[in-house]
Every structure is written in structure tokens, then in C-alpha cells.
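Enquirer:
As C-alpha cells, then:
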């Protein structure tokens, strides 16, 4: 049960926390704003669909925004209380620093459990739905967006070029298509092409096929083999909604599916001698990415608690006579954390260091720094 002064601290902390959370989510949303507005203006998407997309992408930014919001809210709240000598008054009551820290730790623990729960299913689902809906909406205006003698690149991993375009993109002449895949690249050339689009009942469902006539397919594999196939007619599926998962990256998988993916790739790697070089490289990349995503979901809750402690030690000031701003130190430590974190992630994706080490080492370093400052916190002055 929280005491009166602890409830008072919580009441002062929550408003800046929610404001910081709102600010960081909105700031991260700006990276998707122009892309979504382009879809709205060019594809004729309803405003309700736009708000739905913003909701899904906002949910996916929660794990990144919550730890930072906890940190900045801690520093702001304790700085203000210290400047008003309210921390001094609490000290005069004989309150030790752990009792002062405890309500903030409880909030941090609640946020940690909430983020971990969201990361199990809801956030991966939101990421998958956002990405796949954007792909479907982008493809929905495919017919009208194709221009003669211009490269079209809005379909993922596909570059399309046509010398002639008629009937608002339905009929194409001298078609060139490049398909980029991890294991190979394909080039399709045809004299004529006909786009066929079948809309379904769902607002974002779409089947889009390109029928090609009198052409050839050239496949260039990673082992430098080249395969060429001639055809009179070839049905090239650009977008299909028969499977509602256009994209399903590791960050878009639930914990259960992610663990299953890790087990499958581990079994494949045990028999690596039976895999060719391309399959082995793809399996290793999938394994490294899956482990990174898995351990990151466990790291975020720990990061919440560590950032609460970091904000506490740099938020408490000695009083009005000591105006030295320690927020800069906290900011530098946060920058160091993300430099180490993203640097470790980059190395772990290549298998140079273990995934759990890349994820947890920066958090452990910040925890050691925060613990040392907490131990040396001048509580008696």
C-alpha cells in the first residue's frame, strides 16, 4: 500500500509520463506520415482506413516509446520537485531513497509487464496488418499509376517498365519486369501484357495478375547459373489476397510462432551439410533475426526498469542552491545505450556475436552506471 507522499509522487509523475509517451509516438509516426498521405491522395483511400492504419502503427511504436517516456518523465518530475524543495521536505521526514524510488519502480514494473504482454501477440499483429494493408492499398491503384516509359517500383521487390501503356494501364507493350529475391534475380521480357484486377468484398483485398505474351524469363542464381525460358503466355501474379499475409517478418510473428520458427531453423542448421549455399545463408539469416526479435521482447521490460533507475539518480537534485543540470549526463548515457544496442544488433544479424549478448549487454552497462550513481547518491546533504 502506497503511503501519502508516494501517492503524491505518482500523481506528479503520471502527467509528464503520458505527455512524453504521446510525444514520442507522434514523433515516430512522422516517419510514416508522408507515405500514408500519399496513399490517401493518390489511391482514394477513406479517412477511416487512414486512422486505422495510424492506430496499428502507433501500437507498434509503444515498446520503443515507453522506456524513453519513463526516463524523461522521471527526470522532469524529480527535477521540478527538487527545485521546489519538496524532495528536501521528504528527506526531513527521514524517508530513505529506496522508499522514494519504490512508487516509480512499481510504475516501471507495470509498464514492463504491459509492454511484454503486448509484444506477445498484439504488437506483432498490428505490424503485420499495417504492412500488408499498405501493400494492398498501394497495389489497389496499380492500373492508373503505370506510365509509359517510366519505372514503377511501388510493388515490393518488383520493378516494372513498359514502353506503351493503354486503357489506363490495362494494356502494356514491350514489358520489362525485374524481380529481386534473396536467392536469385529474375528478368521477364514480353511483347505484350494485360493487367487483370479482381476486387473482393474486403476493402483492402485484391488479386492482381499480369498476363504476358511472347516473351522469356531469365533467372540469374547466386551460384552464377543462368536459366532462360521462352513462353507464349505467362500468368504473373503480382498481388494475391488468397493468403492474407503478404509479409510476415520476424517482428510480425507472435511469440508462439517465433519460437516455432527458431526451432525449425535450428533443426535445419543441424543438417547444414544437406543444404546448398543459398539455402544455408537464408536459414542462418532467419535464425539470427528470429533470435534477435525474441530476446528484444524480453529486453524491453528490463529496459523500462533500468531507465526508471537512471532517471531517478539523475533527476534528484540537492536543492535550490545546486542548479547543476544532470539531464545532459542522462542523455549522453541514453545515446551510448542506443549506439551499443544498434551496433550489437548489426553484428548479431551477421552472426558475429550471440543475439542475447547484443540485446542485453547495453542494458547491463546502463544498469551498472545507474547502480553506481544510486549507491553514491548524496542522501544526507
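Residue numbers (the working numbering): 15 to 395. Just so you know, even glycine gets a beta-carbon here, dropped at the ideal spot from N, CA and C. None of these values were measured; they are calculated from a predicted model.
Would you kindly work out how many angstroms separate the C-alpha atoms of residue 73 and residue 148, rounded to a whole number?
Expert: Computed Cα separation, rounded: 16 Å.
Enquirer: Leaving aside the five residues before and after residue 167 along the sequence, list all residues of the same chain whose C-beta is less than 6 Å from its C-beta, in chain order.
Expert: Cβ neighbours of residue 167 beyond the five flanking positions: 173.
Enquirer: For residue 26, which option in 81, 95, 63 and 36 has the closest C-alpha, if you only look at C-alpha atoms?
Expert: It is 95.
Enquirer: Can you have a look at residue 93 and say buried or exposed, based on whether 16 or more other CB atoms are within 10 angstroms of its CB?
Expert: By the neighbour-count rule (16 or more Cβ atoms within 10 Å), residue 93 is buried.
Enquirer: Grouping DSSP H, G and I as helix and E and B as strand, with all else coil, what is residue 336?
Expert: Residue confidence for residue 336 is low, a pLDDT of 49 falling below 50, so the modelled location carries little weight and cannot support an answer.
Enquirer: Measure the Cβ-Cβ separation of residue 68 and residue 85 and say whether it is below 8 Å.
Expert: Cβ distance not < 8 Å, so residue 68 and residue 85 don't count as in contact.
Enquirer: Residue 276: which of 302, 296 and 285 sits nearest, CA to CA?
Expert: Residue 276 has its Cα closest to that of 302, out of 302, 296 and 285.
Enquirer: With DSSP collapsed to three states, give me the class of residue 200.
Expert: It is a strand residue.
Enquirer: Taking just the CA atoms, how far does residue 132 sit from residue 234?
Expert: Distance between the alpha carbons of residue 234 and residue 132: 42 Å.
Enquirer: Give a yes or no on contact between the segment 370 to 388 and the segment 349 to 357, applying the rule of three or more CB pairs nearer than 8 Å.
Expert: Short answer: they touch.
Enquirer: Determine the contact status of residue 109 and residue 19, defining contact as a CB-CB distance below 8 Å.
Expert: Yes, the Cβ-Cβ distance between residue 109 and residue 19 is below 8 Å.
Enquirer: Cβ atoms of residue 129 and residue 314: under 8 Å apart, would you say?
Expert: Contact: yes.
Enquirer: Quick check on residue 310: does DSSP put it in helix, strand or coil?
Expert: Helix.
Enquirer: Thinking C-alpha only, which one of 17, 61, 45 and 75 is nearest residue 39?
Expert: When only C-alpha atoms are compared, the closest one is 75.
Enquirer: To the nearest angstrom, report how far apart residue 299 and residue 264 are at their CA atoms.
Expert: Roughly 11 Å between the two C-alpha positions.
Enquirer: Locate the beta strand (DSSP E) running through residue 185, then write down its first and last residues.
Expert: Looking at the DSSP string, the run of the beta strand (DSSP E) that includes residue 185 is 185 to 194.
Enquirer: How many angstroms separate the CA atom of residue 24 from the CA atom of residue 124?
Expert: If you take the alpha carbons of residue 24 and residue 124, they lie about 13 Å apart.
Enquirer: Suppose contacts are defined by Cβ-Cβ distances below 8 Å. Is residue 246 in contact with residue 228 by that definition?
Expert: Closer than 8 Å, so yes.
Enquirer: Sort 87, 317, 294 and 165 by Cα distance to residue 381 and report the nearest one.
Expert: Ranking the options by Cα distance to residue 381, first place goes to 317.
Enquirer: Can the beta-carbon of residue 187 be found closer than 8 Å to that of residue 206?
Expert: Result yes, Cβ atoms of residue 187 and residue 206 sit closer than 8 Å.
Enquirer: Are the beta-carbon atoms of residue 37 and residue 322 separated by less than 8 Å?
Expert: No, the Cβ-Cβ distance between residue 37 and residue 322 is not below 8 Å.
Enquirer: Apart from the five residues just before and just after residue 141, which ones in its own chain have a Cβ nearer than 7 Å to its Cβ?
Expert: Excluding positions up to five away in sequence, the list reads 74, 265 and 266.
Enquirer: Answer with buried or exposed for residue 145, where buried requires no fewer than 16 other C-beta atoms within 10 angstroms of its C-beta.
Expert: By the neighbour-count rule (16 or more Cβ atoms within 10 Å), residue 145 is buried.
Enquirer: Our contact map puts residue 391 next to residue 330 with C-beta atoms below 8 Å; I'd like the distance itself, whole angstroms only.
Expert: Residue 391 to residue 330, Cβ: 7 Å. Contact.
Enquirer: Closest to residue 120 by C-alpha separation, out of 107, 360 and 28, would be which residue?
Expert: Of 107, 360 and 28, the residue nearest in Cα terms is 28.
Enquirer: My understanding is that residue 349 touches residue 383, with C-beta atoms under 8 Å, so please give their C-beta distance in whole angstroms.
Expert: In fact, because the Cβ distance is near 13 Å, the residues do not count as touching under 8 Å.
Enquirer: With DSSP run on the structure shown, which of helix, strand or coil describes residue 330?
Expert: Correct three-state label for residue 330: coil.
Enquirer: Confirm, please, whether the CB-CB distance from residue 297 to residue 289 is below 8 Å.
Expert: Against a cut-off of 8 Å, the Cβ pair of residue 297 and residue 289 comes out as a contact.
Enquirer: On the DSSP letters alone, give me the boundaries of the beta strand (DSSP E) that residue 66 sits inside.
Expert: Counting along the chain, residue 66 falls outside any beta strand (DSSP E), though it belongs to the alpha helix (DSSP H) covering 61 to 74.
Enquirer: Quick test of your reading: residue 250 and residue 286, contact by CB under 8 Å. State the CB separation rounded to the nearest angstrom.
Expert: With 8 Å as the limit, residue 250 and residue 286 do not qualify as a contact, their Cβ atoms being about 34 Å apart.
Enquirer: State the Cα-Cα distance for the pair residue 319 and residue 278, rounded to the nearest angstrom.
Expert: Spanning the two alpha carbons is a distance of roughly 33 Å.
Enquirer: Ends of the alpha helix (DSSP H) at residue 118?
Expert: Looking at the DSSP string, the run of the alpha helix (DSSP H) that includes residue 118 is 111 to 134.
Enquirer: For residue 171, which of helix, strand or coil comes out of DSSP?
Expert: The answer is coil: DSSP assigns residue 171 none of H, G, I, E or B.
Enquirer: Should residue 357 be labelled buried (16 or more other beta-carbon atoms within 10 Å of its own) or exposed?
Expert: Residue 357 should be labelled exposed.
Enquirer: Does the beta-carbon of residue 189 have 16 or more other beta-carbons within 10 angstroms, so that it is buried, or is it exposed?
Expert: That one is buried.
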